[in-house]
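Asks:
Protein chains: 2
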Amino acid sequence: MSTSSNTAPSAGPRPPEFATWMKQGNNITQQFLSFGRRPGPIVLSGGLPAPELYPISDVQEAARDALEKHGSAALGYGAVEGLFDLREAIAHRLSTDRLSLAPENVLITTGSLQAVELIGKALIDPGDAILAEYPTYLGALDAWLPRLPRYAELPHEAPWPEAKFAYVVPNFSNPTGAVLKRKAREALLSRSAESGIWLVEDDPYGELRYEGGVQPSLLEMSAVPGTAIYEGSVVHLGTLSKTIAPGLRVGWAVCAPDMIRALAQAKQGSDLSTSTFCQAVALELIRKDADRRHVPTLIDAYRERRDALCAAAQEHLADLFEWSVPEGGMFVWMTARQPGLDTYALLPFALEAGVSFVPGSVFDSRGLVSPSLRLNFTANPPDILQEGVRRLSRAAREFASRQAAAE
Amino acid sequence: MSTSSNTAPSAGPRPPEFATWMKQGNNITQQFLSFGRRPGPIVLSGGLPAPELYPISDVQEAARDALEKHGSAALGYGAVEGLFDLREAIAHRLSTDRLSLAPENVLITTGSLQAVELIGKALIDPGDAILAEYPTYLGALDAWLPRLPRYAELPHEAPWPEAKFAYVVPNFSNPTGAVLKRKAREALLSRSAESGIWLVEDDPYGELRYEGGVQPSLLEMSAVPGTAIYEGSVVHLGTLSKTIAPGLRVGWAVCAPDMIRALAQAKQGSDLSTSTFCQAVALELIRKDADRRHVPTLIDAYRERRDALCAAAQEHLADLFEWSVPEGGMFVWMTARQPGLDTYALLPFALEAGVSFVPGSVFDSRGLVSPSLRLNFTANPPDILQEGVRRLSRAAREFASRQAAAE
Numbered sequence: 268m269s270t271s272s273n274t275a276p277s278a279g280p281r282p283p284e285f286a287t288w289m290k291q292g293n294n295i296t297q298q299f300l301s302f303g304r305r306p307g308p309i310v311l312s313g314g315l316p317a318p319e320l321y322p323i324s325d326v327q328e329a330a331r332d333a334l335e336k337h338g339s340a341a342l343g344y345g346a347v348e349g350l351f352d353l354r355e356a357i358a359h360r361l362s363t364d365r366l367s368l369a370p371e372n373v374l375i376t377t378g379s380l381q382a383v384e385l386i387g388k389a390l391i392d393p394g395d396a397i398l399a400e401y402p403t404y405l406g407a408l409d410a411w412l413p414r415l416p417r418y419a420e421l422p423h424e425a426p427w428p429e430a431k432f433a434y435v436v437p438n439f440s441n442p443t444g445a446v447l448k449r450k451a452r453e454a455l456l457s458r459s460a461e462s463g464i465w466l467v468e469d470d471p472y473g474e475l476r477y478e479g480g481v482q483p484s485l486l487e488m489s490a491v492p493g494t495a496i497y498e499g500s501v502v503h504l505g506t507l508s509k510t511i512a513p514g515l516r517v518g519w520a521v522c523a524p525d526m527i528r529a530l531a532q533a534k535q536g537s538d539l540s541t542s543t544f545c546q547a548v549a550l551e552l553i554r555k556d557a558d559r560r561h562v563p564t565l566i567d568a569y570r571e572r573r574d575a576l577c578a579a580a581q582e583h584l585a586d587l588f589e590w591s592v593p594e595g596g597m598f599v600w601m602t603a604r605q606p607g608l609d610t611y612a613l614l615p616f617a618l619e620a621g622v623s624f625v626p627g628s629v630f631d632s633r634g635l636v637s638p639s640l641r642l643n644f645t646a647n648p649p650d651i652l653q654e655g656v657r658r659l660s661r662a663a664r665e666f667a668s669r670q671a672a673a674e
Numbered sequence: 268m269s270t271s272s273n274t275a276p277s278a279g280p281r282p283p284e285f286a287t288w289m290k291q292g293n294n295i296t297q298q299f300l301s302f303g304r305r306p307g308p309i310v311l312s313g314g315l316p317a318p319e320l321y322p323i324s325d326v327q328e329a330a331r332d333a334l335e336k337h338g339s340a341a342l343g344y345g346a347v348e349g350l351f352d353l354r355e356a357i358a359h360r361l362s363t364d365r366l367s368l369a370p371e372n373v374l375i376t377t378g379s380l381q382a383v384e385l386i387g388k389a390l391i392d393p394g395d396a397i398l399a400e401y402p403t404y405l406g407a408l409d410a411w412l413p414r415l416p417r418y419a420e421l422p423h424e425a426p427w428p429e430a431k432f433a434y435v436v437p438n439f440s441n442p443t444g445a446v447l448k449r450k451a452r453e454a455l456l457s458r459s460a461e462s463g464i465w466l467v468e469d470d471p472y473g474e475l476r477y478e479g480g481v482q483p484s485l486l487e488m489s490a491v492p493g494t495a496i497y498e499g500s501v502v503h504l505g506t507l508s509k510t511i512a513p514g515l516r517v518g519w520a521v522c523a524p525d526m527i528r529a530l531a532q533a534k535q536g537s538d539l540s541t542s543t544f545c546q547a548v549a550l551e552l553i554r555k556d557a558d559r560r561h562v563p564t565l566i567d568a569y570r571e572r573r574d575a576l577c578a579a580a581q582e583h584l585a586d587l588f589e590w591s592v593p594e595g596g597m598f599v600w601m602t603a604r605q606p607g608l609d610t611y612a613l614l615p616f617a618l619e620a621g622v623s624f625v626p627g628s629v630f631d632s633r634g635l636v637s638p639s640l641r642l643n644f645t646a647n648p649p650d651i652l653q654e655g656v657r658r659l660s661r662a663a664r665e666f667a668s669r670q671a672a673a674e
């Protein structure tokens, strides 16, 4: 890189190479995030909440209170681990009869994706193994890529191979929307105890349940009743992004104090601390239970949207795809009835028809889920979702006829 | 790690090892950050602004305006690169007759430390070289440690050895307070152009100048006049942490679009985007020039504090240490007149006497600056600074007499 401009021929040596992992990276999340801002196609590819449902006046009130009550403490550098009062509020809220949490069990992070990243940063040397479900959350794969890990599929029944940690999204998984049943949770915990590795429970969607019974968290199930501080092997991740708004970038990791210290050491070199201003706003929101009071509104709206999308799919897509109606979360995972269909190749047809989705292959580098795709149902109202499904149906038929013609 | 509590003996296998870099890590920043919150000693170890000078009412107004004007756009996921209007505002503000910047030249980061970290993440594979001044900013060393780089001292005159980038804090360096003069800047730029590597200009303190003339930035000096978009090799870092408040965690990198894209790819897996709420608040502040209007207040207060600390040091420490009065920034760098004095060994005596400082050795792992120490003068009013210096003087004399007795 010389000091020449792009209008003049470059003089001098070429700039140095980027790090190895950058060659494997993709910017699909980046594309989808900026995509969400543009007018144009109906965006069923996002993982976004409904912006019109953000509780803006609650945030306004909390921001005012944060500065009035906490003053300069809401604007300074905070402790790396987070504001003590917020750590305490989260510990208090997640404690149950069985699970006793202290502030020392809580680390505040810049969105729960940062917690995901810090776990990789603290544990993974190049080639170390991570056990993950297939398909799994794309953001987690992105976050760990710079550590150059190996992946192995999480065996739910058999003993676990050597690894640094196992990663699960037990409630309404991204991308599949699946829920781990009680028996599967128990099996995970005994495999985890046998192997002695960390078990990461990423739970951004747990509160967004539209039907069916609540499952206890792996964190709670792994607790030893009667102890004052949690010392188990589960690292539980939560966030305000789905119940209040992602723009606050406030999430948390809840785990044994040893792991909190390691994550804090990793966080120190990432951003020193999460915005104390956003933390103070989050504290005021949580103290008033604003997030939990907001959940029923979200549930009503999202259930209606899920039902609208699934009903339209039943009408327009049932001959081409199959799916389960998810009990919660943000996504419907559809799999083509024709096994050879590659949804990555379908995507340009969908964009041409004015609708976007996420092809299954981006969630699983082995390509085993390439006939699947992920549709989001939370970010658009019912009529838009229905129109999106109609466009997807037209695109899929156009794609199939082109494929048939090419054969 | 089993599911046992800390009150019961641990059963099952031991938890897996942390990543290699964690063994080399230190939590000194973490200690100092949480230290700053506790009552007790006079804290001259921090790198903190004066909290009583945070422009709270400006932030209050900006937070209100951000939500009123931007609504849900201030609460959603934003583009990885940052809010377009904020990128544009920063590009506009930093442009000069010689330097023309576009929004594509700007990435918003979660504090400028995140920009420092992302540069390492995007460029460094284990063993790759970084050229740095000695001593250098501790936070940068922390941020790069997980990438396992090599360090080489930046040669200001001779040709540069092979490396991925060079890192400088040209204005009121942390820890030494030194300023790069015009000639030294020109030399840096020609060495950089010859070697073709990136030149990182970290400038958090540039606005805090108490006397002396402003030097042009390396960014501006490296620009080719008449081009519409900067394509040079300087990566310039700025922040609102020193002119408004660190708790917003809003910083920026300004550089060629190629590097912006690489940094955005690295940022995607770190925190998806900087808090859009904080970005919207920052945008409102910058549009009203609230940060620049606040700078004269900071300069007046900090100059008085610097002078109070240096006058007290002249009275109580001049026989033991020497220093230059810095023209700006936050730190005075003192070096013991007795070359064998190790300020790391002095620290416990200082804490016992009720004052903290940062020993030189933490800024340079080679130990060449162990007779030096860093004092902060911005976070305490003059009378506290004076008392801190008196305590340090007593501690240094106690330390010297103990050492003499032990010989």
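Chains as they are written, first to last, in the numbering used here: chain A, 268 to 674; chain B, 268 to 674.
Even glycine gets a Cβ: it sits at the ideal position worked out from N, Cα and C.
Once DSSP output is grouped into helix, strand and coil, what is the label at A:D556?
Replies: The answer is coil: DSSP assigns A:D556 none of H, G, I, E or B.
Asks: Closest by CA to B:E420, which one among B:D409, B:A410, B:Y434 and B:R414?
Replies: When each option's Cα is compared against that of B:E420, the closest is B:Y434.
Asks: Within a Cβ cutoff of 7 Å, which residues of the same chain sit near B:L642, ignoring the five residues on either side of it in sequence?
Replies: Here the set comprises L311, L576, F598, V599, M601 and F624.
Asks: Would you mind listing the alpha helix (DSSP H) stretches within the segment 550-611 of chain B that are 4+ residues and don't spill past its ends, in chain order?
Replies: As far as the segment 550-611 of chain B is concerned, its whole alpha helix (DSSP H) runs of at least 4 residues are 557-583.
Asks: Using the Cα positions of A:Q535 and B:L412, report the straight-line distance between them to the nearest angstrom.
Replies: Taking the straight line joining both Cα atoms gives about 11 Å.
Asks: Along chain A, in chain order, which residues have C-beta atoms closer than 8 Å to that of B:K336?
Replies: By Cβ distance, chain A contributes nothing, its closest Cβ being about 12 Å from B:K336, past 8 Å.
Asks: Tell me the residue span of the beta strand (DSSP E) that contains A:A672.
Replies: Taken as a continuous stretch (DSSP letters only), A:A672 belongs to no beta strand (DSSP E), being part of the alpha helix (DSSP H) at P649 to A673.
Asks: Can you tell me where the alpha helix (DSSP H) holding B:V435 begins and where it ends?
Replies: Note, B:V435: premise wrong, no alpha helix (DSSP H); beta strand (DSSP E) at F432 to V435.
Asks: State yes or no: is the beta carbon of B:P437 nearer than 8 Å to at least one beta carbon in chain A?
Replies: So no, B:P437 is outside the interface.
Asks: Within a Cβ cutoff of 7 Å, which residues of the same chain sit near B:V548, ignoring the five residues on either side of it in sequence?
Replies: Once the five neighbours on either side are set aside, the close Cβ partners of B:V548 are V326, A329, A330, A333 and L515.
Asks: I'd like the list of long-range same chain contacts for A:Y401, defined as Cβ closer than 6 Å, with 5 residues on each side in sequence excluded.
Replies: Here the set comprises E420 and D631.
Asks: Would a check of beta-carbon distances place B:V326 closer than 8 Å to chain A?
Replies: Yes, B:V326 lies at the interface with chain A (some Cβ there is under 8 Å from its Cβ).
Asks: Candidates A:S660, A:E355, A:R365 and A:H423: which alpha carbon is nearest A:E582's?
Replies: Measuring from the Cα of A:E582, the nearest candidate turns out to be A:S660.
Asks: Using a Cβ-Cβ cut-off of 8 Å, state whether A:E384 counts as contacting chain C.
Replies: Among the protein chains in the structure shown, which are A and B, there is no chain C.
Asks: Determine the closest residue to B:A512 out of B:A341, B:G444 and B:Y472, with distance taken between C-alpha atoms.
Replies: The candidate whose alpha carbon is nearest that of B:A512 is B:Y472.
Asks: Sorted by chain position, which residues of the same chain lie with C-beta nearer than 6 Å to B:F666's C-beta, five sequence neighbours on each side aside?
Replies: Only L613 and F616 meet the Cβ criterion.
Asks: Tell me which same chain residues have a C-beta within less than 7 Å of the C-beta of A:P492, skipping the five on either side of it?
Replies: These residues qualify, in order along the chain: R365.
Asks: Indicate whether A:E486 and A:V521 have their beta-carbon atoms separated by less than 8 Å.
Replies: In the sequence as displayed, the identity of residue 486 of chain A is Leu instead of Glu. It is a contact, given that the beta carbons lie within the stated cut-off.
Asks: Kindly indicate which residue of A:I309, A:T287 and A:I553 has the alpha-carbon position closest to the one of A:G621.
Replies: Comparing Cα positions, the closest option is A:I309.
Asks: Candidates B:G627, B:T645, B:E674 and B:M488: which alpha carbon is nearest B:P442's?
Replies: For B:P442, the nearest C-alpha among the options comes from B:G627.
Asks: Could you check where the beta strand (DSSP E) with B:G518 kicks off and where it finishes?
Replies: G518 to V521 is the span of the beta strand (DSSP E), which, as asked, contains B:G518.
Asks: What three-state label does DSSP hand B:I357 in the structure shown?
Replies: Helix, per DSSP.
Asks: Buried or exposed for A:H359, going by 16 or more other Cβ atoms inside 10 Å?
Replies: It is exposed - the Cβ of A:H359 has fewer than 16 other Cβ atoms within 10 Å.
Asks: Looking at B:D470: is its Cβ nearer than 8 Å to the Cβ of B:G505?
Replies: Cβ distance < 8 Å, so B:D470 and B:G505 count as in contact.
Asks: Between A:R570 and A:Y418, is the Cβ-Cβ spacing less than 8 Å?
Replies: Contact: no.
Asks: Put B:P626 into one of helix, strand or coil per three-state DSSP.
Replies: It is a strand residue.
Asks: If we count Cβ pairs, one from each stretch, closer than 8 Å, do we get three or more for the segment 369-377 of chain A versus the segment 348-355 of chain A?
Replies: Contact between the segment 369-377 of chain A and the segment 348-355 of chain A is present, because at least three Cβ pairs lie under 8 Å.
Asks: Per DSSP, what kind of secondary structure is A:E498 in: helix, strand or coil?
Replies: Correct three-state label for A:E498: coil.
Asks: For B:Q653, count the other beta carbons within 10 Å of its own beta carbon; 16 or more makes it buried, fewer makes it exposed. Which is it?
Replies: Classification for B:Q653: buried.
Asks: In chain B, what lies closer than 7 Å to A:A389 by C-beta?
Replies: Chain B residues near A:A389: F285, A286 and M289.
Asks: With DSSP collapsed to three states, give me the class of B:R304.
Replies: A caution first: B:R304 carries a pLDDT of 47, below 50, which makes its placement in the model too unreliable to give a value.
Asks: Is B:P280 close to chain A? Criterion is C-beta to C-beta, closer than 8 Å.
Replies: True, the Cβ-Cβ gap to chain A drops below 8 Å.
Asks: How many angstroms separate the CA atom of A:S542 from the CA atom of B:D556?
Replies: Their Cα atoms are separated by approximately 21 Å.
Asks: Please name the residue, chosen from B:G607, B:E319 and B:S362, that lies closest to B:A646 on a Cα-to-Cα basis.
Replies: Checked all of B:G607, B:E319 and B:S362; the closest Cα to B:A646 is B:E319.
Asks: Hey, does B:V656 have any beta-carbon neighbour from chain A nearer than 8 Å?
Replies: Not closer than 8 Å to any Cβ of chain A, the Cβ of B:V656 fails to qualify, so no.
Asks: Compare the C-beta of A:S269 against all C-beta atoms of chain B and say whether one is closer than 8 Å.
Replies: Low confidence applies to A:S269: its pLDDT is 39, below 50, so where it sits in the model is not reliable enough to give any reading.
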